[in-house]
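Notes follow once the structure below has been shown.
2 protein chains.
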Amino acid sequence: MTDVALEPGDRLDDLIINDLKIIQRDDQFRFSLDAILLAHFATVRPNAVAVDLGTGTGVIALLLSTRGAAQVIGVEISPVMAGLAARSVKVNQLAGRISIQNADLRNLRGQLPAGVFDLVVSNPPYRPVGGGFLNPNDKVAMARHEITATLAEVVAAARYLVKYRGRFAMVHLPERIPEILEVLRQAGIEPKRLRMVHSAIHKKPNMVLVEGVRGARAGLEVLPPLIVYDDKGNYCSEILAWYQGEQPL
Amino acid sequence: MTDVALEPGDRLDDLIINDLKIIQRDDQFRFSLDAILLAHFATVRPNAVAVDLGTGTGVIALLLSTRGAAQVIGVEISPVMAGLAARSVKVNQLAGRISIQNADLRNLRGQLPAGVFDLVVSNPPYRPVGGGFLNPNDKVAMARHEITATLAEVVAAARYLVKYRGRFAMVHLPERIPEILEVLRQAGIEPKRLRMVHSAIHKKPNMVLVEGVRGARAGLEVLPPLIVYDDKGNYCSEILAWYQGEQPL
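Protein chains in written order, with the numbering used here: chain P, 1 to 249; chain F, 250 to 498.
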């Protein structure tokens, strides 16, 4: 690990996957299992060039890199989070393979090239901005609600970036599946893989993983469900394998 | 049971559910688990008036009736199957609650009223007519391939029949989920419930059950998966409960 000056409030966490460290802050959005699941679900071809839209802490960018992506660009609208993610990249000595761009995914034209990326991923805000009160200065709300980007805007950004036959993978809420699939198809990104994520086998899924291929023909592969916890409340063997058998935090 | 003259080739099977009998023929399409699952998945409100599109043997119409539907109309394009289904209705003394119409679901205008039905269901042909050779006189192929009705035509028929806030439930292949959800939404039938059907927990689903509500707003409930067989290869308890604990044929 190189010397990286942590800033006041920074906390250096151990990801327990591939010896990765991650800097987080208690007053900012911290990554959750959703990001870990997406990073392991996406199809990462050897030497892929990838973009993570709304990278936050940068955790997905880090994991895609250790999964074999040659280059990963993490796009993040918050300058505070972008700085945090950039410091995490340095901590892990991955500055040669990951770059963090403080940019608005709604406005990538001129900032990133069109149609050249093998893979685009996103763990976007899940919930539409409804009638309820939301403080636009609330950093956690920005990551959870569609304040800075709607589903359609995330997919439009992915469509702009991904090459023909390239892939776009996303984690989202099952209740929005019809809208997700429709928006993907309208953007010419055909849904090809889908996996439901359940906390237990007899429960409804609380997340869905979806991957589409730009320009592919129709035909969706629905994978076996991912059941996060076993009967004893421990992570299932599939997830534990990522953590080399250790129970993560 | 009333006296019903079975025709040569008719075979009287026991459904083992609610003492229902069903007439089948070895030279025609016979119902499978798909139909049983759909009949139990659909939301049947007390005294519902329902239509089963492509009723075949009539098994779904019979089950909807015993689940509480006041009136069920089974639409069937094949005169041979329509006759068979009508005899099954008589065998079960349900002629007052179920009627079978020998009609083409692509041409229901003038045959059935528009927008009055509480529930429409369909176990349609699953597979598009591809490049392969298909004999249009093959009765089993007609039930499996979209020779007599495509997905879009089935949904259009459902849209014609179902009342505002009424429901349409279908069983289909998981690989066609994106197309199914899109066609439903385009018809104004919003997907509201979805359930994957797996033969075993670690396998991909081989069927999907979907229910939409005409005029509803977006928001899909994805139910826990239905795992058809337990570890010993027996039907799961949920399915066995329909059969009062007996292993069906």
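Glycine is no exception: its CB is placed at the ideal position from the N, C-alpha and C atoms.
Handout entry: Where P:H198 falls, given that 16 or more other Cβ within 10 Å makes a residue buried
Key = buried
Handout entry: Neighbour list for P:L64 in chain F, Cβ cutoff strictly below 9 Å
Key = The premise fails here: P:L64 is roughly 25 Å from chain F at the closest Cβ pair, so nothing lies under 9 Å.
Handout entry: Closer than 8 Å at the beta carbon, the chain F residues around P:M196
Key = M445, V471 and P474
Handout entry: Short Cβ contact (8 Å threshold) for P:L52 with P:L37
Key = One detail in the question is off: residue 52 of chain P reads as Asp in this sequence, not Leu. Taking 8 Å as the Cβ cut-off, P:D52 and P:L37 do not qualify as a contacting pair.
Handout entry: Nearest to F:R355 (by Cα), restricted to the options F:A291, F:H421, F:E395 and F:L430
Key = F:E395
Exercise for the section: Give the straight-line distance between the Cα atoms of F:A310 and F:A449, rounded to the nearest whole angstrom. Expected result: 28 Å
Handout entry: Which of helix, strand or coil DSSP assigns to F:P429
Key = Before going on, a small fix: residue 429 of chain F reads as Ile here, not Pro. Residue state, collapsed to three classes: helix.
Practice task
Grab me the residues of P:A82's own chain with a C-beta within less than 6 Å of its C-beta, minus the 5 sequence neighbours each way, in chain order.
Solution key: E76, I100 and N102
Handout entry: Beta-carbon spacing of P:L94, F:P423 below 8 Å
Key = no
Exercise for the section: Output, in chain order, the set of chain P residues within a Cβ distance shorter than 9 Å of F:R434. Expected result: P178, E179 and E182
Problem - chain P within 8 Å of F:G364, Cβ atoms only - result: no
Exercise for the section: Could you tell me whether the stretch 256-270 of chain F touches the stretch 223-238 of chain P, using the rule of 3 or more Cβ pairs below 8 Å? Expected result: no
Practice task
Look at P:E190 and P:A42 and say whether their C-beta atoms are less than 8 Å apart.
Solution key: no
Exercise for the section: Just the chain F side, please: which residues come within less than 7 Å of P:H202 by C-beta, in chain order? Expected result: P473
Exercise for the section: List the residues that DSSP assigns as beta-bridge partners of F:M445. Expected result: F:V457
Problem - Inter-residue spacing [alpha-carbon to alpha-carbon] between P:V162 and P:F117 - result: 5 Å
Problem - For P:R67, three-class secondary structure by DSSP - result: coil
Practice task
Give the DSSP-derived three-state secondary structure of F:A490 in the structure shown.
Solution key: helix
Problem - For P:R185 and P:L240, the rounded distance between their alpha carbons - result: 34 Å
Problem - Cutoff 8 Å: P:E246 Cβ touching any chain F Cβ - result: no
Practice task
Give the C-beta separation of P:P124 and P:G54 to the nearest angstrom, bearing in mind that I take them to be a contact with Cβ-Cβ under 8 Å.
Solution key: 6 Å
Problem - Closest Cα partner of P:V49 within the set P:P205, P:L119 and P:V222 - result: P:L119
Exercise for the section: Output yes or no for whether 8 Å exceeds the beta carbon distance between F:A467 and P:P178. Expected result: yes
Practice task
Below 6 Å CB to CB, which residues in the same chain sit around F:A407 once its five sequence neighbours on both sides are set aside?
Solution key: V369 and F417
Exercise for the section: Report the option in F:L255, F:D263 and F:H451 whose CA atom is closest to the CA atom of F:E495. Expected result: F:D263
Practice task
Pull up the distance between the alpha-carbon of F:A390 and that of F:R444, whole angstroms please.
Solution key: 26 Å
Exercise for the section: Quick one: which residues of the stretch 333-345 of chain F get their C-beta closer than 9 Å to a C-beta of chain P? List them in chain order. Expected result: none
Practice task
Could you tell me whether any Cβ in chain P is nearer than 8 Å to the Cβ of F:D263?
Solution key: no
Handout entry: Proximity winner among P:G188, P:I98 and P:A70, relative to P:N47 (alpha-carbon distances)
Key = P:A70
Problem - Rounded separation between F:V420 and F:A284 - CA only - result: 8 Å
Exercise for the section: Could you check which residue in P:G115, P:Q24 and P:R127 has the C-alpha nearest to that of P:L151? Expected result: P:R127
Handout entry: Rounded straight-line distance, which links the Cα of P:F31 to that of P:R144
Key = 11 Å
Handout entry: Residue-level contact to chain F via CB, P:A218, 8 Å cutoff
Key = yes
Problem - DSSP state of P:Y126 mapped onto helix, strand, coil - result: coil
Handout entry: Closer than 8 Å at the beta carbon, the chain P residues around F:E487
Key = Simply none; closest approach about 10 Å.
Problem - Straight-line gap, F:D480 to P:L209 (C-alpha atoms, nearest Å) - result: 27 Å
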